[in-house]
Structures are given as C-alpha cells and as structure tokens.
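For the sequence shown, this note's numbering begins at 90 and goes up steadily by one. C-beta: ideal position from N, C-alpha, C; glycine also. Working notes for the structure below.
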Amino acid sequence: MCWLPFPCKSLILPPMDNLAHAALGICCGLAARRANAPVAPAALAALLAAEAPDLDILIRSANDPLVAFRWHRHFTHSFVFLPIIVLLSALLAAWFFKGKHETSTKALLIPAAAGGLSHLLCDACTSFGTMLLWPFSNERIAWDCVAVVDLAVTLPLVVLAWRAWKSHRHVLAWLGVSWFVFYATLGRIQHNRAEAILQQWIGNPSVTRITAKPTISNLILWRGIWLENGVWRVAALRISPFSVTQVLAGESRVAWTPETPGTPLAGTHAGSILTDFSEFTGGWNSVESSTSQSLTVGDIRFAMLADRAKSLWAVRLPDNDQSPELVRAELEPGDWSHFAELLSGSASDYKTLP
C-alpha cells in the first residue's frame, strides 16, 4: 500500500483494515456454519479468529528499531499457527455463549477456521507480504491485488456481514465472500495489466526488477517501480477500463548495494540491522540520503504517492556508535490534491499510451 485513508503526521506499517478483516471473517464464518447452527456463536468465533493474527502488533522492543518489521505478519499469520488461533477462538466463543445457545467448541471450529483463514489470505492479497509458509519458508507472499486499506471492498463487506448476522441468511454471507473474491481477482488482473503496460512503456531490456503496487481504495491508479542500471525509477499508471491508459514518469533513487559508501560493516550492530531490513524489503533498497555522518536506506516499494520515490519508511545508519533508527515519512501539503489529480487523470504530466 502507498497511502493511509486519513492524514497523520508519521506513518509506519499500516495494518490491513481491521474492519475489513472483521467483516470478511464474519461473512466467511456464517457462510461455513451449519444451516441450523446458532448464528451469534459462529459469528463471534469467526470474528475472534479473523482479528487474532494481528495481535502481533503487541510485540514491542525499545532496543530494536525494526521490531514491527520483524514480527508483523510473521508466525501469527502462518498456516501452521492457524489451528491454535482457531481452537482458542472457538473455546472463547463457546464459553461466552455457554447457557445462552446450544453450541459447543467443536461446532464452532469450522466457522473459526473460516474466519482465521480469511485473515491470512486477505493479507496475502495486499502488497506488504505475509509469511503464510512459516517456519518452512520466510518468504513474504504478496499478490499485490488489494490496497492495505481499500474502502471500495470494505464498505460492502461491512453491510453484508451486518445484514447476514441480523437476518440469519446464508446467502448474504456468501455474497460478502463472493464480493471479496471478485474484487481481489479483478485487482490481480489489473496488477498483471499494470506490469505488462509498464514493461512495454519502459522498453528497456536492461530492467532487472519490476513490479506494480495498488493504491488506496481503488484499482485504477497503480505505482510502478523498476530497477534500471542501478537506479530505482517510479511511475504512476492510470489503467481504467473506460478510458485511455495514462503514465506519468516519477522520481528516482539510487539503488543501495553492499558497496554503497557509508554501509556499515557486516557483523556490527548497524550491519545486522541493515541485513534484517534488506531481508524484509526483499532487496528493494534505495539510498534515501548519504552524508559523512550517516546513511539512510529506504524501502522503495512503498511511498506516499505513486510518482514519488521517497520511501514510506527507512533506516538511518549513523557513522558512529549511535544506534540505527527508523525514519518515518510525513504527509506534505498538497499530497492529497496531487493524489486526486493522479486518480482522476487530470495531472498535467500524464502521457497517454496508444
């Protein structure tokens, strides 16, 4: 994701919209419950399981600037850990409704499993990456088809989840699940189109890495990123089924390599922090700034705006005994109006593609 849906002074690691997780989890749980099973216990079990993976945000360490990067969407978001979440959620829901509904922990396992699984797959649909296969693989799986916060998919889910819970109608729960699957599938199609259009527009065989990221609450505006001759370049791509395709060439950043001046030595504390940061970014590292006092390395994949190269987060590595620190991007005046221009296609620097 490139933006949050509200202005805030500093930004870091925005979680997948918890309202979306709750609504999708409830829809999945109610769709999976037996026809005559009580609705409220199934909905609660699914809701708890759908929210539980994000308890990893409680992991904190004052001495580790990368603690959120290390543990968010880590083991709590893996298929291996899912059974624990499912069992605890079913137990809590059964205990809460004990004596109120004829239900049991066993009867709530399937709704809880549906809710928990919806969280993992929902997060994998975003750009941040999710360790679904931990501990067998540390790869962060990201399908880049839905923004981390997307009201276009969330609001219909909330309405359908609420109506399904209140009316006890399976069909509304299934409509919610179907809506998310449809939206994510459309997002994946748009992602593939964005990458293909970007590759064709660049027309340079020396490009070694290329990707496209969705932007907030839409599937029309995409952020293209590619590596060309040691330089990261970005572009805004507006891909609408109802109008021409537009591309706006954006900013650039020098790619960080182990030979970049100011890089801390391997084995030092700063060197270990940079190694861990590079593992998180998958090597999409840019040089945000380089001075005689420090080197700042950013994650080029994420920025405030589709055509900007300033990373949403970066790590500053001082050239002394001071500890590395996390640098967080800030919204600037005019960012939202520029985003509106990019999304509407009215930005003056757009180029129309045939």
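Rounded separation between A324 and G205 - CA only: Within the sequence shown, the letter at position 235 stands for residue 324. Within the sequence shown, the letter at position 116 stands for residue 205. Distance between the alpha carbons of A324 and G205: 36 Å.
Cα-Cα separation between M90 and L354, rounded to whole angstroms: Reading the sequence shown from its first residue, position 1 is the one you call residue 90. Reading the sequence shown from its first residue, position 265 is the one you call residue 354. Its pLDDT being 34, under 50, M90 is placed unreliably by the model, and the measurement read from it follows with that caveat. Rounded to the nearest angstrom, the two C-alpha atoms are 32 Å apart.
Endpoints, beta strand (DSSP E) assigned at P407: Within the sequence shown, numbered from 1, the residue matching residue 407 stands at position 318. Start and end: W402 to P407.
N- and C-terminal bounds of the alpha helix (DSSP H) containing D388: Counting from one through the sequence shown, the residue named residue 388 turns up at place 299. Where D388 is concerned, there is no enclosing alpha helix (DSSP H), although the beta strand (DSSP E) it sits in stretches over S383 to D388.
Enclosing alpha helix (DSSP H) for A273 [first to last residue]: For this step, residue 273 is matched to residue 184 along the sequence shown. Counting along the chain, the alpha helix (DSSP H) containing A273 begins and ends at H259 to I291.
Cutoff 8 Å; reference E226; Cβ partners in own chain excluding five residues on either side: Numbered from 1 along the sequence shown, position 137 holds the residue referred to as residue 226. Looking at the sequence shown, residue 226 is not Glu but Ser. Taken in chain order, the residues that qualify are M220.
Within the stretch 300-364, ranges of the alpha helix (DSSP H) (whole runs, at least 4 residues): none
Spatial neighbours of D410 in its chain, beta-carbon cut-off 8 Å, leaving aside the 5 residues before and after: The residue labelled residue 410 in the question sits at position 321 within the sequence shown. For D410, where only same-chain residues beyond five positions count, there are no Cβ hits under 8 Å.
Bridge partner(s) assigned by DSSP for L415: What you label residue 415 is simply residue 326 of the sequence shown in a count that begins at 1. Looking at the DSSP assignment, L415 forms a beta bridge with V404.
Residue interval of the alpha helix (DSSP H) (run including V248): Reading the sequence shown from its first residue, position 159 is the one you call residue 248. Unbroken alpha helix (DSSP H) run through V248: L240 to S256.
Distance CB(A241)-CB(T304) smaller than 8 Å: On the sequence shown, position 152 is the one that residue 241 refers to. On the sequence shown, position 215 is the one that residue 304 refers to. No; because the gap between Cβ atoms is not below 8 Å, this pair is not in contact.
Nearest-angstrom Cα separation, counted from I199 out to S361: One-based indexing of the sequence shown puts residue 361 at position 272. One-based indexing of the sequence shown puts residue 199 at position 110. Each residue's Cα considered, the two are about 42 Å apart.
L246 versus D388, S341, I389 and A112, residue with shortest Cα-Cα distance: In the sequence shown, counting from the first residue as 1, residue 246 sits at position 157. Checked all of D388, S341, I389 and A112; the closest Cα to L246 is A112.
Counted within 10 angstroms of its Cβ, other Cβ atoms place D212 as buried (16 or more) or exposed: By 1-based counting over the sequence shown, the position of residue 212 is 123. Per the 10 Å Cβ criterion, buried.
Cβ distance (whole Å) where A120 is taken to contact W263 below 8 Å: One-based indexing of the sequence shown puts residue 120 at position 31. One-based indexing of the sequence shown puts residue 263 at position 174. Indeed, because the Cβ distance is near 5 Å, the residues count as touching under 8 Å.
Closer than 7 Å: A120 CB and nearest the ligand MG heavy atom: Looking at this structure, you won't find the ligand MG or any other ligand, since it has none at all.
The alpha helix (DSSP H) enclosing V169, as first and last residue numbers: To locate residue 169, count along the sequence shown from 1; it is residue 80. Counting along the chain, V169 falls outside any alpha helix (DSSP H), and DSSP gives it neither H nor E.
Whole-angstrom C-beta distance between V175 and A138, which should lie under 8 Å: The count along the sequence shown starts at 1 and reaches residue 138 at position 49. The count along the sequence shown starts at 1 and reaches residue 175 at position 86. With a Cβ gap of about 6 Å, A138 and V175 count as contacting.
Supposed close pair F217, A236 - CB separation, criterion 8 Å: Position 128 of the sequence shown holds residue 217. Position 147 of the sequence shown holds residue 236. Not really, about 10 Å apart at Cβ, beyond 8 Å.
S376 (DSSP reduced to helix, strand or coil): Along the sequence shown, read from residue 1 onward, the residue named residue 376 stands at position 287. It is Val, not Ser, that sits at residue 376 in the sequence shown. V376 falls in the strand class under three-state DSSP.
Close beta carbons around P350, own chain, < 7 Å, minus the five adjacent residues each side: Residue numbering aside, residue 350 sits at position 261 when the sequence shown is read from its first letter. The residues are S379.
Proximal residues to P96 (C-beta, below 6 Å), its chain only, five neighbours per side dropped: On the sequence shown, position 7 is the one that residue 96 refers to. The pLDDT assigned to P96 is 36, lower than 50, so where the model puts this residue is not dependable; a value taken from the coordinates is nonetheless given after this. So the list reads L420, once near-sequence residues are dropped.
H110, enclosing alpha helix (DSSP H) - first and last residue: Residue 110 sits at position 21 when you count from the first residue of the sequence shown. First-last of the alpha helix (DSSP H) with H110: N107 to A121.
R277 versus K189: straight-line alpha-carbon distance, rounded: Working through the sequence shown from its first residue, we reach residue 277 at position 188. Working through the sequence shown from its first residue, we reach residue 189 at position 100. Approximately 43 Å, taken between the alpha carbons.
Contact check, I328 vs Q288, beta carbons under 8 Å: In the sequence shown, the residue the question calls residue 328 occupies position 239. In the sequence shown, the residue the question calls residue 288 occupies position 199. Cβ atoms of I328 and Q288: not closer than 8 Å.
Any 3 or more C-beta pairs closer than 8 Å across the stretch 425-441 and the stretch 398-415: no
Residues near L180 by beta carbon distance below 6 Å, same chain, minus five either side: Counted from its first residue, the sequence shown places residue 180 at position 91. Closer than 6 Å at Cβ, skipping near neighbours: T194.
Cβ-based neighbour list, Y439, same chain, cut-off 6 Å, excluding 5 preceding and 5 following: Your numbering for residue 439 matches position 350 in the sequence shown. So the list reads Q335 and L337, once near-sequence residues are dropped.
Candidates L363, R322, V260 and I148: closest to N293 by CA position: Position 204 of the sequence shown holds residue 293. The shortest C-alpha separation from N293 is found at R322.
A301 and A273 closer than 8 Å at C-beta: Taking the first residue of the sequence shown as 1, we reach residue 301 at position 212. Taking the first residue of the sequence shown as 1, we reach residue 273 at position 184. Going by C-beta atoms, A301 is not nearer than 8 Å to A273.
7 Å CB neighbourhood of S367 in its chain, flanking five on each side removed: The residue given as residue 367 occupies position 278 in the sequence shown. N374, listed in sequence order.
Close-in-space but distant-in-sequence residues of the same chain around A134 (CB under 6 Å, 5 per side omitted): Start at 1 with the first residue of the sequence shown, and residue 134 comes out as number 45. S178, A179, A182, L197, P200 and A201.
When A126, D388 and P407 are compared against Q382, the one with the closest alpha-carbon: For this step, residue 382 is matched to residue 293 along the sequence shown. Taking only the C-alpha atoms, the option nearest Q382 is P407.
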